[in-house]
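A.B. asks: Before I ask anything, let me first share the structure, which is written out below as structure tokens.
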Amino acid sequence: MQEAVELDTGRFQLNRLSSAQHRDSLAEDVRHGLMSEPRVLLPKYFYDERGSKLFDQICQTEEYYLTRTESILLKKHADEIIAITRPTAIVEYGSGTSEKTELLIQAAHQQYAGLHYLPLDVCEEILVEAGDRLIERYPELSIDAWHGDFLDGMDHFKNGHKRSLYVFLGSSLGNFSENEAIGFLRGVRNTIKDSDWFLLGVDMVKDHAILNAAYNDNRGHTAAFNLNVLNVLNQALDGNFNKGKFKHQAFFDTEHSRIEMRLLSCCQQTVTLHDIDLKIEFEEGEHIVTEYSRKYTADSIRQLLSKAGFKPQNIYTGNNNEFMLILSSCSEADER
0 MQEAVELDTG
10 RFQLNRLSSA
20 QHRDSLAEDV
30 RHGLMSEPRV
40 LLPKYFYDER
50 GSKLFDQICQ
60 TEEYYLTRTE
70 SILLKKHADE
80 IIAITRPTAI
90 VEYGSGTSEK
100 TELLIQAAHQ
110 QYAGLHYLPL
120 DVCEEILVEA
130 GDRLIERYPE
140 LSIDAWHGDF
150 LDGMDHFKNG
160 HKRSLYVFLG
170 SSLGNFSENE
180 AIGFLRGVRN
190 TIKDSDWFLL
200 GVDMVKDHAI
210 LNAAYNDNRG
220 HTAAFNLNVL
230 NVLNQALDGN
240 FNKGKFKHQA
250 FFDTEHSRIE
260 MRLLSCCQQT
270 VTLHDIDLKI
280 EFEEGEHIVT
290 EYSRKYTADS
300 IRQLLSKAGF
310 KPQNIYTGNN
320 NEFMLILSSC
330 SEADER
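Numbering that gives the first Met the number 0 applies: residue 0 is where the sequence shown begins, and numbers increase by one.
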């Protein structure tokens with residue numbers, strides 16, 4: 000469901016998926032997740048305005064290599080990616096600050112005139128800030144921004160552009176289970192045309208000490224980011240979570256090749272979310288899973304993309320094989 004356009008300045012338009020739809024989805028997700036065993040919260044609810052800014056601080060830490068290495072790969076290969084795909088539109092799921100995608104926008108701006116950018120993100124403030132910055136820097140760029148959950152917004156991205164480059168960066172795919180990841184990728188594949196391309200960024204399996212450090216930075220930004228989700232629930236659902244009674248925990252799960260991030264209850268306590276009439280009893284040491292972040296190999300991501308109907312064409316990795324960018328088409332290269 001789409002509400003009226005929130006902001007239209009000629010070259011920048013902000014649209015919003017229904018706020019009622021978003022709130023109902025949050026309430027349903029939270030009720031189901033906190034009544035599950037183990038208790039879980041979906042990572043998309045990290046990203047209110049404060050959560051988005053905390054994540055930006057995480058990306059600046061020495062330990063959190065993901066953003067840094069992905070940006071290096073994009074700087075190195077953006078010109079080639081744009082030369083191959085020649086998009087008239089770039090569509091991005093979970094755009095955030097759009098700083099990495101700006102490298103693609105800049106490359107397109109240098110190669111030809113005219114580009115349309117369609118970012119979708121759960122944080123409206125970040126969309127507006129990023130849009131203002133990009134509109135000022137690229138006079139021929141137009142932006143059609145969407146505020147909402149990218150899982151609900153796929154149908155809005157069936158655009159009429161001749162050729163689009165769909166982008167999903169930041170290893171956000173790793174937040175899904177394998178079945179969820181295949182479902183998401185198939186949803187993207189069903190949205191796009193055979194002439195379109197898909198650029199995916201995913202983190203790679205590596206030394207466990209590096210992985211654990213990335214999610215337990217010395218400055219405590221990741222801990223603050225993790226705990227902030229309790230503020231989101233308190234505000235959205237009239238809750239009484241006390242952040243001081245929970246602590247951050249993150250570790251690499253070798254069996255499932257993923258980081259598991261948790262909030263650990265420091266004591267026996269009762270929490271109430273009044274708006275959904277939900278009371279939760281926590282035992283000391285009981286945890287809420289707030290995020291999974293799966294790590295991939297080149298073979299595992301190729302298989303996943305192939306199952307979803309994509310044809311991986313180019314895989315870009317750094318010198319240390321820390322991160323991958325995978326550029327996929329929807330048909331064999333020799334058919335294009």
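Here a beta-carbon is modelled for each residue, glycine too, at the ideal position from N, C-alpha and C.
Every value quoted in this text rests on a predicted model; they were computed, and no experiment measured them.
Pull up the distance between the alpha-carbon of Lys-242 and that of Val-228, whole angstroms please.
C.D. replies: What you label residue 242 is simply residue 243 of the sequence shown in a count that begins at 1. What you label residue 228 is simply residue 229 of the sequence shown in a count that begins at 1. Each residue's Cα considered, the two are about 9 Å apart.
A.B. asks: Count the other CB atoms within 10 Å of the CB of His-255; is the residue buried (16 or more) or exposed (fewer)?
C.D. replies: For this step, residue 255 is matched to residue 256 along the sequence shown. When all chains shown are included, His-255 counts as exposed.
A.B. asks: Taking Cβ positions, are Leu-13 and Leu-164 nearer each other than 9 Å?
C.D. replies: To locate residue 13, count along the sequence shown from 1; it is residue 14. To locate residue 164, count along the sequence shown from 1; it is residue 165. Between Leu-13 and Leu-164, the CB-CB gap reaches or exceeds 9 Å.
A.B. asks: Sort out for me which residues DSSP pairs Lys-74 with in a bridge.
C.D. replies: Taking the sequence shown and counting its residues from 1, the one referred to as residue 74 is at position 75. In DSSP, Lys-74 forms no bridge with anything.
A.B. asks: Please decide whether Asp-148 counts as near chain B, where near means a Cβ-Cβ distance under 9 Å.
C.D. replies: Among the protein chains of the structure shown there is no chain B, as only one such chain exists.
A.B. asks: Would you mind working out which of Leu-53, Lys-306, Phe-11, Leu-103 sits nearest Gly-130, comparing C-alpha positions?
C.D. replies: Taking the sequence shown and counting its residues from 1, one reaches residue 130 at position 131. Of the candidates Leu-53, Lys-306, Phe-11, Leu-103, the one whose C-alpha sits nearest the C-alpha of Gly-130 is Phe-11.
A.B. asks: Between Asp-333 and Leu-150, what straight-line distance do the alpha-carbon atoms span, to the nearest angstrom?
C.D. replies: Position 334 of the sequence shown, counted from the start, is the residue given in the question as residue 333. Position 151 of the sequence shown, counted from the start, is the residue given in the question as residue 150. Confidence in Asp-333 is poor, its pLDDT being 41 and thus under 50, which makes the residue's placement too unreliable to answer from.
A.B. asks: With a threshold of 8 Å on Cβ separation, who are the neighbours of His-25 within its own chain once the five nearest residues in sequence on each side are excluded?
C.D. replies: Taking the sequence shown and counting its residues from 1, one reaches residue 25 at position 26. Reading off the sequence, residue 25 comes out as Leu, not His. For Leu-25, where only same-chain residues beyond five positions count, the Cβ hits under 8 Å are Tyr-44, Ala-235, Leu-236.
A.B. asks: Would you be able to state if there are at least three C-beta pairs under 8 Å between the segment 78-86 and the segment 252-271?
C.D. replies: no
A.B. asks: With DSSP run on the structure shown, which of helix, strand or coil describes Arg-188?
C.D. replies: Mapped onto the sequence shown, residue 188 falls at position 189. Helix.
A.B. asks: If you run the structure through DSSP and keep just helix, strand and coil, what is Glu-283?
C.D. replies: Mapped onto the sequence shown, residue 283 falls at position 284. Note: Glu-283 maps to coil in three-state DSSP.
A.B. asks: Specify, as a first and last residue, the run of the alpha helix (DSSP H) that Ile-275 falls within.
C.D. replies: For this step, residue 275 is matched to residue 276 along the sequence shown. First-last for Ile-275: undefined, no H or E at that position.
A.B. asks: What is the C-beta distance between Val-201 and Gly-173, in whole angstroms, given that I count them as a contact (C-beta under 8 Å)?
C.D. replies: On the sequence shown, residue 201 is found 202 positions in, with the first residue counted as 1. On the sequence shown, residue 173 is found 174 positions in, with the first residue counted as 1. A Cβ-Cβ distance of about 6 Å is found for the pair Val-201 and Gly-173, placing them in contact under the 8 Å criterion.
A.B. asks: Compute the distance between the beta-carbons of Gly-317 and Ile-83, then report whether it is under 9 Å.
C.D. replies: Translated into the one-based positions of the sequence shown, residue 317 becomes position 318. Translated into the one-based positions of the sequence shown, residue 83 becomes position 84. No, they are not a contact pair.
A.B. asks: Could you say if the segment 178-195 and the segment 299-309 meet the contact criterion of at least three C-beta pairs nearer than 8 Å?
C.D. replies: yes
A.B. asks: Closer than 6 Å by C-beta to Ala-144: which residues in its own chain qualify, once you throw out the five before and the five after it? Chain order, please.
C.D. replies: Counted from its first residue, the sequence shown places residue 144 at position 145. If we look at Ala-144 and ignore the five residues flanking it on each side, its Cβ neighbours are Leu-13, Pro-118, Leu-126, Gly-130.
A.B. asks: Would Glu-280 be called buried (16 or more neighbouring beta carbons within 10 Å of its own) or exposed?
C.D. replies: The sequence position of residue 280 within the sequence shown is 281, counting from 1. Classification of Glu-280: exposed, given that the 10 Å Cβ count is below 16.
A.B. asks: Note the first and the last residue of the continuous alpha helix (DSSP H) segment covering Asp-202.
C.D. replies: Counting from 1 along the sequence shown, the entry for residue 202 is found at position 203. Looking at the DSSP string, Asp-202 is not in any alpha helix (DSSP H); the run it does join, the beta strand (DSSP E), is 196-202.
A.B. asks: Consult DSSP for Tyr-214 and reduce its assignment to one of helix, strand or coil.
C.D. replies: Looking up residue 214 in the sequence shown gives position 215. Tyr-214 falls in the coil class under three-state DSSP.
A.B. asks: So, under 8 Å CB-CB, Ile-300 and Ile-325 are touching, yes? Tell me the CB distance rounded to an integer number of Å.
C.D. replies: Translated into positions along the sequence shown, residue 300 becomes position 301. Translated into positions along the sequence shown, residue 325 becomes position 326. Right, the Cβ-Cβ distance comes to about 6 Å (below 8 Å), so this counts as a contact.
A.B. asks: Roughly how many angstroms separate the alpha carbons of Ala-107 and Gln-268, rounded to a whole number?
C.D. replies: In the sequence shown, residue 107 corresponds to position 108, counting from 1. In the sequence shown, residue 268 corresponds to position 269, counting from 1. Each residue's alpha carbon lies about 54 Å from the other.
A.B. asks: Hey, out of Thr-87, Tyr-46, Phe-251, Asp-195, whose CA is closest to Asn-211's CA?
C.D. replies: Reading the sequence shown from its first residue, position 212 is the one you call residue 211. Answer by Cα proximity: Phe-251.
A.B. asks: State the CB to CB distance for the pair Glu-98 and Val-166, rounded to an integer number of angstroms; the pair is presumed to be in contact (CB under 8 Å).
C.D. replies: Numbered from its first residue, the sequence shown carries residue 98 at position 99. Numbered from its first residue, the sequence shown carries residue 166 at position 167. About 13 Å; that fails the 8 Å criterion.
A.B. asks: Can you tell me whether Phe-121 is helix, strand or coil according to DSSP?
C.D. replies: Taking the sequence shown and counting its residues from 1, one reaches residue 121 at position 122. Here residue 121 turns out to be Val, not Phe, going by the sequence shown. Of the three classes helix, strand and coil, the one that applies to Val-121 here is coil, per DSSP.
A.B. asks: On the CB-based measure, 16 or more other CB atoms within 10 Å of its CB, does Glu-177 come out buried or exposed?
C.D. replies: Walking along the sequence shown from the start, residue 177 turns up at place 178. Under the 10 Å beta carbon count, Glu-177 is surrounded by fewer than 16 other beta carbons and is classified as exposed.
A.B. asks: Apart from the five residues just before and just after Thr-87, which ones in its own chain have a Cβ nearer than 8 Å to its Cβ?
C.D. replies: The count along the sequence shown starts at 1 and reaches residue 87 at position 88. Excluding residues within five positions, the ones whose Cβ falls inside 8 Å are Gly-113, Leu-114, His-115, His-160, Lys-161, Arg-162, Ser-163.
A.B. asks: For His-255, name the three-state secondary structure that DSSP assigns.
C.D. replies: Position 256 of the sequence shown, counted from the start, is the residue given in the question as residue 255. His-255: coil per DSSP, three-state reduction.
A.B. asks: Would Asn-319 be called buried (16 or more neighbouring beta carbons within 10 Å of its own) or exposed?
C.D. replies: Walking along the sequence shown from the start, residue 319 turns up at place 320. Label assigned to Asn-319: exposed.
A.B. asks: Write down the C-beta distance between His-286 and Leu-263 rounded to the nearest angstrom, noting that I regard them as a contact closer than 8 Å.
C.D. replies: Working through the sequence shown from its first residue, we reach residue 286 at position 287. Working through the sequence shown from its first residue, we reach residue 263 at position 264. The beta-carbon separation of His-286 and Leu-263, rounded to 5 Å, stays under the 8 Å limit for a contact.
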